[in-house]
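A short write-up of the structure that comes next.
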Amino acid sequence: MSRKTAIVAFKVEEELAQILNDLPNKSEFIRKAIVSHLSMACPLCRGSGVLPKALHDYYVSVLPEFSRRDCEGCGGTVDLTSEPGELTPEVRARMEQFFRGGPILCDNCYEKAPACDDCGWHISPDQVKKHQKQAHPH
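Everything in the sequence shown is counted per my numbering, starting at 140 for the first residue and increasing by one.
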């Protein structure tokens, strides 16, 4: 993480000052807003890092091909681009399963798939034997 060493000050209307003061971390919010406005926010971490413009533009062009996956249950498309703060607890659990190495399932298949007794991941019935062999070879 980079050290912040410079201080920048600017004047705003009283109403905007109050809105900023009510934020949990106004410095972080202002940094992200400025970086985002300059189109340099890292598209991988969505703004917690900064890239040179050329790298930013490259990653913005290639990331769409990685933003969707096929559901391992029904083959439908699963969108991976949602902000974590916008996810319901159910969708968050489904996404965390995938990002921790488990299968990616759409909402419908995830609800239908039974949870593994050992790890809690939802596994399509036709994949249970393979999952047990790979994830729990005891």
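Glycine included, C-beta positions come from ideal geometry on N, C-alpha and C.
Alpha helix (DSSP H) segment containing residue i, residue limits
i	result
L159	153 to 160
K150	No alpha helix (DSSP H) holds K150; DSSP gives it neither H nor E.
H195	192 to 201
Rounded straight-line distance, which links the Cα of residue j to that of residue i
i	j	result
A156	L190	29 Å
K171	P242	33 Å
H270	E167	41 Å
K150	R239	45 Å
L194	K268	43 Å
F205	L219	8 Å
E211	L226	21 Å
H277	M234	26 Å
A274	E154	54 Å
M140	D265	Interpretation of M140 is limited by its pLDDT of 48, a score under 50 that renders its predicted location unreliable; no figure is taken from the coordinates.
K165	R142	17 Å
Q236	P163	29 Å
I262	V147	51 Å
E250	K272	23 Å
A145	R208	42 Å
C245	G214	9 Å
L202	T216	16 Å
K192	I169	19 Å
W260	P253	8 Å
C248	E152	50 Å
I158	D257	47 Å
query: At which residue ranges does the segment 204 to 274 contain complete alpha helix (DSSP H) runs of 4 or more residues, listed in the order of the chain?
result: With a minimum length of 4 residues, the continuous alpha helix (DSSP H) runs that stay inside the segment 204 to 274 are 228 to 238, 246 to 251, 267 to 274.
message: Quick check: the segment 189 to 198 against the segment 226 to 246, are at least 3 beta-carbon pairs closer than 8 Å?
response: In short, these stretches do not touch, since the Cβ pair count stays below three.
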